[in-house]
Every structure is written in structure tokens, then in C-alpha cells.
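Notes follow the structure.
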Amino acid sequence: MESSPFQSLVSLLSNILEAYTTAFFVLEPKSRQLQMTASQTLSKYLPEKVALPLEQSGILSQVQKVGQVVHLDKLQEGTLNLSATIPFYRDGESHIKGVLVVPVGDGAGVLYVDTKFSWGFNDKQQKLIREVANVLHYLLERELSVSRQESYGRVFDLWQKLDALPFKDDAVEEYCGGFINACSGFLGSEYGFLSLRQPGRADQHVIAATSNVPRSLVSQSLPANQGLMGYALENRKSLLIGRLNPGTSDHYLFLPSEGLPHQGTFWALPSDMALGHTLVLAFLSRQPREWSPEEQFGITHALEQLRMKLERCCYQEECQQLRHFDVSTGLLNAMAFESQVDATLTNSMHNSLPCTVALLQFEPWQILSTKVSPRQLRRWQNELAANIREGLPREVTVGLMGENRFGLLFPGLTVQEARTYLTAAADSGRKFMGSRVKGVRLQAQAGAVGFPQEGTRSEELWPLVSARLYAALRTKSEKTSV
Numbered sequence: 434m435e436s437s438p439f440q441s442l443v444s445l446l447s448n449i450l451e452a453y454t455t456a457f458f459v460l461e462p463k464s465r466q467l468q469m470t471a472s473q474t475l476s477k478y479l480p481e482k483v484a485l486p487l488e489q490s491g492i493l494s495q496v497q498k499v500g501q502v503v504h505l506d507k508l509q510e511g512t513l514n515l516s517a518t519i520p521f522y523r524d525g526e527s528h529i530k531g532v533l534v535v536p537v538g539d540g541a542g543v544l545y546v547d548t549k550f551s552w553g554f555n556d557k558q559q560k561l562i563r564e565v566a567n568v569l570h571y572l573l574e575r576e577l578s579v580s581r582q583e584s585y586g587r588v589f590d591l592w593q594k595l596d597a598l599p600f601k602d603d604a605v606e607e608y609c610g611g612f613i614n615a616c617s618g619f620l621g622s623e624y625g626f627l628s629l630r631q632p633g634r635a636d637q638h639v640i641a642a643t644s645n646v647p648r649s650l651v652s653q654s655l656p657a658n659q660g661l662m663g664y665a666l667e668n669r670k671s672l673l674i675g676r677l678n679p680g681t682s683d684h685y686l687f688l689p690s691e692g693l694p695h696q697g698t699f700w701a702l703p704s705d706m707a708l709g710h711t712l713v714l715a716f717l718s719r720q721p722r723e724w725s726p727e728e729q730f731g732i733t734h735a736l737e738q739l740r741m742k743l744e745r746c747c748y749q750e751e752c753q754q755l756r757h758f759d760v761s762t763g764l765l766n767a768m769a770f771e772s773q774v775d776a777t778l779t780n781s782m783h784n785s786l787p788c789t790v791a792l793l794q795f796e797p798w799q800i801l802s803t804k805v806s807p808r809q810l811r812r813w814q815n816e817l818a819a820n821i822r823e824g825l826p827r828e829v830t831v832g833l834m835g836e837n838r839f840g841l842l843f844p845g846l847t848v849q850e851a852r853t854y855l856t857a858a859a860d861s862g863r864k865f866m867g868s869r870v871k872g873v874r875l876q877a878q879a880g881a882v883g884f885p886q887e888g889t890r891s892e893e894l895w896p897l898v899s900a901r902l903y904a905a906l907r908t909k910s911e912k913t914s915v
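Here's what the structure looks like:
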């Protein structure tokens, strides 16, 4: 009890009054208990630590609720059982002549004083007790203020640590890992998780976790509608369970067989992102914990900062997609494909490797627009692009150079080696389109040039490959007209 900042004042009051017991009780709002934080007594019945439920604390509860002083100045002799009035005397007490209970602050606590020396307390003594109660209230507010400042100091340290983490668009996972470790250490939780669900998906992925989380949970796709994490995702609500129940079948995070402890305290915070993604930041502590409002505020604000950083990455990725890829087919657009050709030519020159640039065109494409809607034509174009890519090696780059013209880049292959794949792509696309529209059969023509045999710069290769495609199309047109 000596460690209490209120002990010296309580002891001083008790000595001045020659009191039998002097005790200061503080209300814990969450547990609704009156906890004895300082005391001095001659009684052998008063425990060193006392925590009384507010509704079962007798006279103390009355004073705390009503906020008025209660003075019992003539207790009867032989009060062997005061359990209904003064329940903190564990085994009973006797011959108490006077009791004075004073509220401390606006329901913050109560100051209890009793005596066996005289019948009650005179006016001067009562005034002294009230003055001490006022000082205790002041000290209590200062103590709470210092505690709150310490909590905010820890929050500020956390934010500084997170700000110091390097955030790069190509290393987002490393940042999220550092974020999880810092927040878990701040809360004192053994496990931390950051899960992401993409728009329109029925699953979630753990994109960052503390090192003790089973790797199987990080590497696999997890259902987004199961467990406590699924509840937070589906309902978009924070979930704080102070004491998990291992005997409850639904007190698991992701999967019933996940290999995580189903005990202690669990906290999950969902956050919706602007592009439709949903984040869930979660913590699991093996032992039950109570996180202060300041700690919860610090984590909530940190999550919002993380969300904005991840949204920036998503917007940049979307922007890159719009700048470099065709929206309908997902292929590189014409400008991006040309840039890829330039980069491949430079790499081929440095490493003395060949490469082939080809153009593949399907005709008569325009006549299809007179037969079907633009939406159907775009769907066929998308399916045709997927069909062409299916038979090509992974290292081959495909771009959409026009509505019905595709560019193909074969790094490391000569024209003769690439022609096999080019012919297969043309045949595959032609067979796929088949007779999609009655009376219209598409034909595929191609032109190809090789580096370095036929040119070393893109300014030389592009006119040549276009000329060869044009010649193939003209030859086909002349044969058809004949």
C-alpha cells in the first residue's frame, strides 16, 4: 500500500484523528468496483487488498451514488456484524462508535473514516476530513492526468516509429510487416494480423502478420465469411472480445484448425478503402487485456494512416493500368508495347541476343460491327486476345496495336524460330472466331522482322514490319478478288 500516491495523506489524516480505520476507495468504471488504494487501520479484519462490487459495498455505495456525506455518530455497542453496512471488514468488527464517509470528486471515489475513540466526529474533525477528501480528489485527477499523458506519450512514440518505417511502392509487404510488429508490441499482444479482401471476392489474404503466425495462414486464400475475422469483414464493425472462450465453437479467427490460441483477448478493426478493398487489422493476446482509450485511439489512427498509404498504392496501380494496358483485353496498349520493344532491343544489343517483332491482324474485322453490338464486339476482342496468349510462351509480350491488330514481341528468338508460334497464334485466333457471324470468316495475316539481321533500331524495324503486314494483307485481298 505504501506505493500508492495517496497513502501518506491517508496515514496523516488517520494519525491526526487517532482513527481506527481510514481508507480511500476509487471507483473502477469498467468493473464497477470500489478498490481500496490507500488505508491505515488497527483492525485485524481489514484485508490488505479490497475490491468491492459497487452494488454490494453498503454505505460506500450510497455515498458514491448520491454524493452526500454520511455520518453515523452513535453506533450501538457490540456491533459484531457490520457486513451489510461496512462489508470490507472481512470477518466482522466490534465496538466501532462512529463512521464518516465522504464522497471524493463527482463519483470518483469515497473516503472512509471510523473510530472507537469517541462517539462520531466533531465539526472540526468533519471539516478536516472533507478538506482531505478535496485534496485526494485533486491528487486523483493529477494521477489520472499523468497516466493519460504517459499513454499519449506511448502513442506518439508509436506514430513516430511508424513514420520512420520506409514506405516504398515496391515493398509494401515489408512496410506492413513492420507496421504489424510495431502495433503488436505497443499493445503487448503476441499475435498481429493484417488481412485484405479485394472487391467482389469471397476470400481474404493475410498480407502481414507477426512471425509466430503459422505460415499456412499467410500463404493460402482464406474464407471471408468464417470466424471472427470474417465477422469483422462481413459486418464492417470493430470487434473486441475481452476473454475468448475456448469452449465456444465459433471463437476462432480464420479456420477451426488454424493453430492459434483461442483464449485471451481479441480485437479486430475493419477499414474500407476507396477502391472497394477491405482491410482488417487484428490482435490476439494470450492473456486477457484491457487496452486504454488512448491505446485504442492510437491504433485506430495508425490504421487510418496505413489505409491512406495503401490507397495511394492502389490508385497508382490503377493509373499504371490505365496508362499501359488496354481496359478491354488487359494487353499492353500501343504506346506501352512500343516502349517494351525499345527496352527489349536495348537489352538484346547489350547481351548479343536476337529478338523478333511481329504484327498479327484479323480481317475483315470492320464488317463485324455491322452485325453485332459494340459490347459483343469488345467481348469477342477480349476472348480473342486471351486465345492468342494461351499458346504463347510466358516471355512473349502481346500488345493491342489497333482494334483488330496485335503486336507480338519474341525476345531471344529469330524470325524463323518465332514464326512457329506466330503461325500457331494466327491459326488459334482464326479457329476461335470461326463462324461467329454467319457469312463472315476472319483471316489472319502477319508480318515479322528480326533484330539484328534486319535492323538495329526501332525506327528501322517498325516501318519494315508494317510494310510486310501490308503486303500480306494486299496479297490476300488480291487473291480473294480473283
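Numbers 434 to 915, taken from the working numbering, label the letters of the sequence shown in order. Don't be surprised by glycine CBs; every beta carbon is placed ideally from N, CA and C.
From this set, the options, which residue's C-alpha is nearest residue i's C-alpha?
{"i": "Glu816", "options": "His638, Val829 and Arg863", "result": "Arg863"}
{"i": "Tyr624", "options": "Phe770, Gln696 and Ser725", "result": "Gln696"}
{"i": "Phe699", "options": "Pro679, Asp705, Gln878 and Thr711", "result": "Pro679"}
{"i": "Gln659", "options": "Tyr685, Pro844, Gln720 and Pro896", "result": "Tyr685"}
{"i": "Asn668", "options": "Val760, Ser649 and Leu712", "result": "Leu712"}
{"i": "Arg630", "options": "Ser806, Glu751 and Ala657", "result": "Ala657"}
{"i": "Pro438", "options": "Ser464, Tyr664 and Val579", "result": "Val579"}
{"i": "Gly491", "options": "Ala776, Leu841, Gln466 and Asp506", "result": "Gln466"}
{"i": "Pro826", "options": "Asp683, Leu833 and Pro844", "result": "Pro844"}
{"i": "Met768", "options": "Gln809, Gly835 and Leu736", "result": "Gly835"}
{"i": "Gln637", "options": "Val873, Leu688 and Asp860", "result": "Leu688"}
{"i": "Ala715", "options": "Glu727, Glu723 and Thr733", "result": "Thr733"}
{"i": "Gln849", "options": "Phe884, Val873, Val870 and Gly872", "result": "Phe884"}
{"i": "Gly621", "options": "Glu606, Asp547 and Arg722", "result": "Arg722"}
{"i": "Ser476", "options": "Asp506, Val546 and Lys498", "result": "Val546"}
{"i": "Pro703", "options": "Lys804, Arg740 and Ser444", "result": "Arg740"}
{"i": "Asp759", "options": "Phe795, Gly824, His783 and Phe839", "result": "Phe839"}
{"i": "Phe770", "options": "His757, Met782 and Gly763", "result": "His757"}
{"i": "Gln558", "options": "Ser772, Asn448 and Met469", "result": "Asn448"}
At which residues does the alpha helix (DSSP H) containing residue i begin and terminate?
{"i": "Val579", "result": "Asp556 to Ala597"}
{"i": "Val503", "result": "No alpha helix (DSSP H) contains Val503, which is instead part of the beta strand (DSSP E) from Val503 to Leu505."}
{"i": "Val605", "result": "Val605 to Leu620"}
{"i": "Arg852", "result": "Val848 to Met866"}
{"i": "Gly660", "result": "Gly660 to Asn668"}
Just mark residue i as buried or exposed, buried being the case when its beta carbon has 16 or more other beta carbons within 10 Å.
{"i": "Arg648", "result": "exposed"}
{"i": "Tyr748", "result": "exposed"}
{"i": "Gln653", "result": "exposed"}
{"i": "Tyr571", "result": "exposed"}
{"i": "Ser527", "result": "exposed"}
{"i": "His900", "result": "The question names His, yet the displayed sequence has Ala at residue 900. Flag for Ala900 reads exposed."}
{"i": "Ala881", "result": "buried"}
{"i": "Phe550", "result": "exposed"}
{"i": "Arg676", "result": "exposed"}
{"i": "Ile519", "result": "buried"}
{"i": "Asn645", "result": "exposed"}
{"i": "Arg907", "result": "exposed"}
{"i": "Glu481", "result": "exposed"}
Write down the C-beta distance between residue i and residue j rounded to the nearest angstrom, noting that I regard them as a contact closer than 8 Å.
{"i": "Leu544", "j": "Val565", "result": "7 Å"}
{"i": "Ala879", "j": "Leu902", "result": "7 Å"}
{"i": "Val588", "j": "Pro536", "result": "In fact, because the Cβ distance is near 32 Å, the residues do not count as touching under 8 Å."}
{"i": "Thr789", "j": "Leu846", "result": "5 Å"}
Start and end of the beta strand (DSSP E) containing residue i?
{"i": "Arg630", "result": "Tyr624 to Arg630"}
{"i": "Trp813", "result": "Premise fails: Trp813 lies in the alpha helix (DSSP H), Pro807 to Glu823, not in any beta strand (DSSP E)."}
{"i": "Gln916", "result": "What is shown of the chain runs 434 to 915, which leaves residue 916 out entirely."}
{"i": "Ala791", "result": "Cys788 to Glu796"}
{"i": "Gln878", "result": "Gln876 to Phe884"}
{"i": "Val713", "result": "Thr711 to Ser718"}
{"i": "Val535", "result": "Gly531 to Val537"}
{"i": "Leu450", "result": "Not the beta strand (DSSP E): Leu450 falls in the alpha helix (DSSP H), residues Gln440 to Leu450."}
With H, G and I counted as helix, E and B as strand and the rest as coil, what does DSSP make of residue i?
{"i": "Tyr545", "result": "strand"}
{"i": "Asp759", "result": "coil"}
{"i": "Glu526", "result": "coil"}
{"i": "Pro896", "result": "helix"}
{"i": "Glu723", "result": "coil"}
{"i": "Thr913", "result": "Caution applies to Thr913, whose pLDDT of 48 falls short of 50 and renders its modelled position unreliable; the value that the coordinates give is listed next. The answer is helix: DSSP assigns Thr913 an H, G or I state."}
{"i": "Ile674", "result": "strand"}
{"i": "Leu493", "result": "helix"}
{"i": "Phe458", "result": "strand"}
{"i": "Asp683", "result": "coil"}
{"i": "His783", "result": "helix"}
{"i": "Leu513", "result": "For Leu513, the predicted model reports a pLDDT of 44, less than 50, meaning its position is unreliable; a value from the coordinates is still stated below. In the structure shown, Leu513 sits in coil (DSSP, three-state: anything other than H, G, I, E or B)."}
{"i": "Ser652", "result": "helix"}
{"i": "Ile800", "result": "helix"}
{"i": "His941", "result": "Since the first and last residues shown for the chain are 434 and 915, residue 941 lies out of range."}
{"i": "Arg827", "result": "coil"}
{"i": "Gly697", "result": "coil"}
{"i": "Met706", "result": "coil"}
{"i": "Gly835", "result": "strand"}
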